[in-house]
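Chemist:
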Amino acid sequence: MKMIMAVIQPHRLDAVRDALEAINVHGLTASEVKGFGQQRGHKEIYRGAEYQINYVPKVKLEIVVADDILDDAVDAIQQAARQGRVGDGKIFVWDVETTIRIRTGESGEGAV
Amino acid sequence: MKMIMAVIQPHRLDAVRDALEAINVHGLTASEVKGFGQQRGHKEIYRGAEYQINYVPKVKLEIVVADDILDDAVDAIQQAARQGRVGDGKIFVWDVETTIRIRTGESGEGAV
Amino acid sequence: MKMIMAVIQPHRLDAVRDALEAINVHGLTASEVKGFGQQRGHKEIYRGAEYQINYVPKVKLEIVVADDILDDAVDAIQQAARQGRVGDGKIFVWDVETTIRIRTGESGEGAV
Amino acid sequence: MSAADTSWILTATALVLLMTLPGLGLFYAGLVQAKNVLSVLMHCIAIACLMSLVWVGGGYTLALTAGNDWIGGFSRIFLLGLDRDSVASGLPEALVVSFQMTFAIITPALMVGAFVERIRFGAVMLICALWLILVYVPVVHWVWGGGWLAKMGVIDFAGGIVVHVTAGVSALVIAVMLGARSGFPEKVLPPHAPWMVMVGASLLWVGWFGFNAGSALAANGNAAMAMLVTHISASTASIVWLVIEKLKFGKPSLVGFVTGTIAGLATITPASGTVGPLGGFALGLLGGVVCYFAVDLIKNRWKIDDSLDVLAVHGVGGATGTLALVLFAAPAIGGTGFAEGQTLLGQFGVQILGVGVTALWSIIATIAIVLVTRRLIGLRVTPDEETQGLDYAHHGETAYRL
Amino acid sequence: MSAADTSWILTATALVLLMTLPGLGLFYAGLVQAKNVLSVLMHCIAIACLMSLVWVGGGYTLALTAGNDWIGGFSRIFLLGLDRDSVASGLPEALVVSFQMTFAIITPALMVGAFVERIRFGAVMLICALWLILVYVPVVHWVWGGGWLAKMGVIDFAGGIVVHVTAGVSALVIAVMLGARSGFPEKVLPPHAPWMVMVGASLLWVGWFGFNAGSALAANGNAAMAMLVTHISASTASIVWLVIEKLKFGKPSLVGFVTGTIAGLATITPASGTVGPLGGFALGLLGGVVCYFAVDLIKNRWKIDDSLDVLAVHGVGGATGTLALVLFAAPAIGGTGFAEGQTLLGQFGVQILGVGVTALWSIIATIAIVLVTRRLIGLRVTPDEETQGLDYAHHGETAYRL
Amino acid sequence: MSAADTSWILTATALVLLMTLPGLGLFYAGLVQAKNVLSVLMHCIAIACLMSLVWVGGGYTLALTAGNDWIGGFSRIFLLGLDRDSVASGLPEALVVSFQMTFAIITPALMVGAFVERIRFGAVMLICALWLILVYVPVVHWVWGGGWLAKMGVIDFAGGIVVHVTAGVSALVIAVMLGARSGFPEKVLPPHAPWMVMVGASLLWVGWFGFNAGSALAANGNAAMAMLVTHISASTASIVWLVIEKLKFGKPSLVGFVTGTIAGLATITPASGTVGPLGGFALGLLGGVVCYFAVDLIKNRWKIDDSLDVLAVHGVGGATGTLALVLFAAPAIGGTGFAEGQTLLGQFGVQILGVGVTALWSIIATIAIVLVTRRLIGLRVTPDEETQGLDYAHHGETAYRL
Ligand SMILES: Nc1ncnc2c1ncn2[C@@H]1O[C@H](COP(=O)(O)OP(=O)(O)O)[C@@H](O)[C@H]1O
Ligand SMILES: Nc1ncnc2c1ncn2[C@@H]1O[C@H](COP(=O)(O)OP(=O)(O)O)[C@@H](O)[C@H]1O
Ligand SMILES: Nc1ncnc2c1ncn2[C@@H]1O[C@H](COP(=O)(O)OP(=O)(O)O)[C@@H](O)[C@H]1O
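Sequence lines, in order, name chains A, B, C, D, E and F. The first sequence begins at 223 in the working numbering and counts up by one. The second sequence begins at 223 in the working numbering and counts up by one. The third sequence begins at 223 in the working numbering and counts up by one. The fourth sequence begins at -10 in the working numbering and counts up by one. The fifth sequence begins at -10 in the working numbering and counts up by one. The sixth sequence begins at -10 in the working numbering and counts up by one.
#1: Please list the partners that T387(E) has in chain B, where partner means a Cβ-to-Cβ separation under 9 Å.
#2: Could you tell me whether the Cβ of I34(F) comes closer than 8 Å to any Cβ of chain E?
#3: Quick one: is the Cβ of L274(E) within less than 7 Å of any heavy atom of ligand 3?
#4: CA-CA distance, I352(F) and G277(E)?
#5: Could you say which of F63(D), G149(D), L15(D) and L7(D) lies nearest to A313(D) if we only look at CA atoms?
#6: With a threshold of 7 Å (Cβ to nearest heavy atom), would F258(A) be considered close to ligand 1?
#7: Expressed to the nearest angstrom, what Euclidean distance is found between the alpha-carbon atoms of A52(E) and Q89(E)?
#8: Ligand 1 and D294(E): does the residue's C-beta get closer than 7 Å to at least one heavy atom of that ligand?
#9: What residues of chain F sit near M31(D), judged by a beta carbon separation below 7 Å?
#10: Using CA atoms only, rank isn't needed, just tell me which of P241(F), A226(F) and K235(F) is closest to A255(F).
#11: Return yes when at least one heavy atom of ligand 2 lies under 7 Å from the C-beta of K280(B), else no.
#12: Please state the DSSP three-state secondary structure of Q274(B).
#13: CB of I324(B) to nearest heavy atom of ligand 3: below 7 Å?
#14: In three-state DSSP terms, what is Y268(B)?
#15: Please report the straight-line C-alpha distance between T263(F) and V346(F), rounded to a whole angstrom.
#16: Distance, Cα to Cα, I122(D) vs L115(D)?
#17: How many angstroms separate the CA atom of D240(C) from the CA atom of H384(D)?
#18: To the nearest angstrom, how far is the alpha carbon of G19(E) from that of L80(D)?
#19: Using the C-alpha atoms, what's the distance from A112(D) back to E329(F)?
#20: Out of V143(E), A156(E), G102(E) and S64(E), which one is the CA nearest neighbour of A93(E)?
#21: Residue range of the beta strand (DSSP E) that G311(C) falls in?
#22: For R307(B), decide whether its Cβ has a neighbour in chain C, counting only Cβ atoms nearer than 8 Å.
#23: Three-state secondary structure (DSSP) at G335(E)?
#24: With three or more beta-carbon pairs closer than 8 Å as the criterion, would you say the stretch 21 to 32 of chain D touches the stretch 209 to 219 of chain F?
#25: Cβ closer than 7 Å: which chain E residues qualify as neighbours of H233(B)?
#26: For a cutoff of 8 Å on Cβ pairs, would you count S204(D) as touching chain F?
#27: Contact defined as beta carbons within less than 8 Å: I believe G189(E) pairs with G12(E). What is the distance between those atoms, to the nearest angstrom?
#28: Consider the C-beta atom of T251(A) and the heavy atoms of ligand 2; say whether any pair is separated by less than 7 Å.
#29: Looking at the secondary structure, which residues open and close the alpha helix (DSSP H) in which A23(D) lies?
#30: Answer with yes or no whether the minimum CB distance from V287(B) to chain C is below 8 Å.
#31: Do we get a CB-CB distance below 8 Å when we pair D396(D) with the residues of chain B?
#32: Any heavy atom of ligand 2 closer than 7 Å to the beta-carbon of K312(B)?
#33: Give the residues of chain B in contact with G311(C), contact being defined as C-beta atoms less than 7 Å apart.
#34: Measure from the alpha carbon of R390(F) to the alpha carbon of each residue in F67(E), L178(E) and H153(E), then state which is nearest.
#35: Under the DSSP definition of a beta bridge, which residues are partnered with V286(C)?
#36: Of all the residues that make up the stretch 45 to 64 of chain D, which are near chain F by a beta-carbon distance shorter than 7 Å?
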């Protein structure tokens, strides 16, 4: 099994989910994160003083998938999240040894 | 060392922590996440209009443990988090190469 | 490529970012997490009743770097985050197989 | 000039200002997404300021000084000649200007609910300024300034026609011409802070005592009864929504409850100087039911994105009260009867005419205003700005940094 | 009928409504967990609406119109016959109805603090409606409506007995019969928004000026002194909590501070028409200390989950003020003296009797009401609903979506 | 004694208390970081309580009873002899004490903005208590208590000198002596809740009606005009900020807008009993512009960490209004003219003298007070506490637990 960790623009979350559902990936975990990268943050001005807000709000997805659908899943995410602008985000993949479904205790690919 | 990433129901956090303490696992990092899976979200109705809330609030735990207590830790989590209902969550495990304690700079299993 | 996951004190975030920029690591993802470890939480008292707040607010950084700068990056983080007190945090490292830049679709070390 | 009445109207003025700042602001801000909170609050307070200047500049004189059947005169343009000794309606004239100013603030501010989360800030300013002069001010003159409707004996104690019909109808026109929020209706997000909606509604309720009981322009039994029936109607309409939601969905919601509150308040407004306790109860009942189904009709069936239901709650409520008050004006049930010499049917006719002509004029004038604004400034923000949220896109700020 | 007094009581009515909506709502909502915020606000506003209807339907007439020693008459049932010319207590009667209605709203709303985070919404509604008729209305009649306590010369200017003892004692009964929140006391979570608690307390304070100074039913020296001593007591009791917390824990907290404020306000309430500045200070001192230790006793020692300390702060405060006021009523220190012909001891006896009988009646009636409600509706939500939070479980909403 | 006037001043007292609790509290709390919210609210409410006790203990008598040119007498020390029949200024004396007490609360509370996020709580208490007696009370006596400035005919209707100059100048002194927040100016974080700033500003605005129109101490044309010009000035200054920000940065902000509101309110305060509508407009214009550039000058150029711009907004606004009012006092434009026998230049001289001497005295006394406090208690929290946030470090609490 593989872990796909994707950092995307928050408003692409729905699109990415739909794309994953379409290829039968039904489980994922999302969190709100702050991104730092090529896309710079923004400035806010209060009472004439400038404040540099360094981070960009992003959504991080963590999706564990069986090896054989890894490529499809990564493609689905990449296409759904892509807008062609700096800040679209990144996808990272690594190996997962075990998966256990807490409710049943079953483990392995069936548990994903 | 192994990373155990567990996604659980928020109100099981205390139970899981207690179970881990009981087997001498004292360090963990928790975050609030949104889960998507078999457990569906819920509907809210405002002024007669229905809104589908897709995500389910979950807590994600990240726990790095030495190889030899991996199984005990996973068991402890699985049992403490389990309620026997859809949405109980998942446990994922993968390999960690290095651990460093920032305060002392020491690394390896002693740093966990 | 390697994933560096560092849990640090929130107010060290800026220092760590600066240290990473200094060695040309420009991308990272940060999130607010709750830490449990040797550093205990704190007590709050409302109307004479004591409440034990078990967790400590921490910032978690996730940084994927090319293999050859791993050591420099880990050092930079460790030094910038270090205050010499319990609760300074931990750094964990593991292997990443693939990285993809969503905007361009390019993958591998160039995408980091 | 009565010091006692002055005392009450000074207070009432503060109460009506409280309705907009921060009452209505919070009510609306809680209903939008977190990324548009500041924009909504900015609309409310910037409208408050701009309308005040328009009002003292020319609105007051055109609305409430002697003129013809259609519009007032210019004797108080820029409030010239107004000093501490000027008297109007048995009160210091400066107080009449102020009290009425708070009405001229909240009326356009009500319309904010129709265009949140997607309109350009400059457009809001221009639309409201033109609207105050072209719609609000003439209608005030018709009804309260001795104009043609006043002469016909129309009953509109605190502004069912003047405030709620004008704002409600115009709000719908703006919503239609501006277009729906992107993703409406399926992908629109629920209220970001129902607690804030409740706080806003509470302040509106408290302030409404100044609005309705202040409209007696005196501290007397009329003011007292206006306050009482206002309260009864608000309570009743709230419980109506509770019951409907309980029956339909099983779970009565706080947002629904306080929407009922506002519906009840809007409905009683024109009637609060005319009906007794029973009338207050009846109008609350009626207003609650009618507004509930109006929301459903306009937003959920017609799919018009009058985002925070300005027409359905305010316009429909105000019109319902204006028309139905004739049924509960009888002195036998604590009412004050009709305008001199009027019969029930005759009065009903006048009321319908008042509502109808005002609605029509509001539609025509608002269409014109929006067309002009579209040409001069443009109406909508860009899709990117809408996605990003107006708080940052248009005001450069973030509401919550927790 | 005095227009000046009318003016002030119109204002006072708005101020007392502000106490509940949104004052008390925010005060309580800030003290609970984020998942029960809306439920608490809903309790407060739904109680406000329902009690208003019960009050105008039958409460007012039974409480405040002529009857016997125990209960009023039926002459104003459904407010029949009330119109703009009706007069009572030198004010428009509609205003007396409204002003007293705001008291009939806040008194049961105070009890919300005892049963938050675990009670069924329907149970709240039924308990409060029955309670208003069976407990509140008779006690109002006894003390303010010419009933037996009034005849004995009991002193309770603005409601130490009528409001705070009834609500406080009944709250404890409900808390006990309902049972504690799951996990109480060890695992209960701290207040989710102390800032909100402070805002609520502030609005309560401001509104309390209407409550106490309004109880003079006139704009005169009595009202002015009531306002002044109210303010002094609130300030003093707040600082008492500050000092105690500083000494005991090293860190004075905001939640503690404003709890002291409310304790000071509850304590001065019955005395605010009787004592002078020195009495205000003394009662603040006393109320602050007594309520502090009452909280500790009931919640931390007896382990009764009167969740937001209704008995300890309101009940104990109100009782303390009712009894201690006899010590500070002397004209030499700005007080007004006792009821005609009373001695200090005699007055003290009457005060004790008033507090005691009221408390006893509150206990008995509340037990009966809760038993009936348990049978008809059930009291508690399910453990799953409690875990999930009442906002979603019972109202289908989420307070914060940031 | 007039019941009608009493009625209005009872109300005005409640309104001015609302300004501080929770108005100013929210205004300031929204501007700081989330970890210091409770500390700011605690400052405001603890100051309110402590100042009240100092005021009734000795402040009132020294400020407002007969004495010499410099200070009042001791006839009302601890309010001895004050009862329900005492009369002052044609009102119940207890009411005068209360109304003025709300001024004695908000004035030191304004200074909170200068020292947030880094001061020790005990230092706040001591500084403010000493400051009330040494700075505020004498200046009240000079200007409103028949002291030397009053005798010279200084015009300061509602406290441009008494409230805003004293607080503004002293705030700067404290800010300088305390030192800047760590990381100032580069690393200081932006306001954590602009929505809260707006709510606070709204309540300040509403309450300011009580502040300025209440200063007429009567319900008459003077009060009415004070309310009107207050409103016009606030509206105008807000729009001035809007325009400046639009021109300079392209995006008009809500925080900027409501800062303009407060600037407009502070500026009109001394003039609100003297000028007419045109003067209100002109002072709003002037105050808006001057305060905008004052903020820029002090914070952004001089780099003094008067954190929430107390001097720039309040001090400068109040001084500007005090001086400029002479230009708009002419009866021809709705003003009341000068003090008897004064010329424009003569009046201007008196105004300058009033501002100057008050500022000087505020500086000297505040330096002394801060030095004493530093020695007795210490001023700053430790760097660790500052990092951690004062809410937990000093009050053991957390503002938000969502
Ligand atoms: N090396 C990295 N490790 C972890 N997260 C990264 C890394 N690089 C980028 N990110 C995340 O991806 C987001 C997008 O990256 P950015 O460089 O802004 O744009 P792009 O992906 O279009 O090149 C960042 O905000 C950050 O959250
Ligand atoms: N493949 C997956 N990758 C990442 N997270 C997952 C995955 N599947 C499930 N999850 C997480 O686990 C939670 C519980 O899963 P769900 O399918 O709802 O119930 P169950 O675990 O009982 O089968 C989800 O809400 C989601 O956060
Ligand atoms: N084994 C672990 N797995 C995951 N996170 C850990 C682990 N141990 C510690 N942490 C994280 O690191 C933080 C700091 O650890 P702590 O034990 O308090 O201090 P120190 O790192 O100085 O020994 C914790 O709050 C927790 O978030």
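From the three backbone atoms N, C-alpha and C, an ideal C-beta is built for every residue, glycine too. Bear in mind that the values here come from a model prediction, so they are computed numbers and not experimental data.
Modeler: In terms of the structure at hand:
#1: E266 and I275
#2: yes
#3: no
#4: 37 Å
#5: G149(D)
#6: yes
#7: 10 Å
#8: no
#9: L243 and F246
#10: A226(F)
#11: yes
#12: strand
#13: yes
#14: strand
#15: 22 Å
#16: 11 Å
#17: 29 Å
#18: 42 Å
#19: 49 Å
#20: A156(E)
#21: G311 to D317
#22: no
#23: helix
#24: no
#25: T376
#26: no
#27: 5 Å
#28: yes
#29: Element bounds for A23(D): n/a, residue is neither H nor E.
#30: no
#31: The requested residue 396(D) does not occur in the structure, where chain D is confined to residues -10 to 391.
#32: yes
#33: I324
#34: L178(E)
#35: M225(C)
#36: V45
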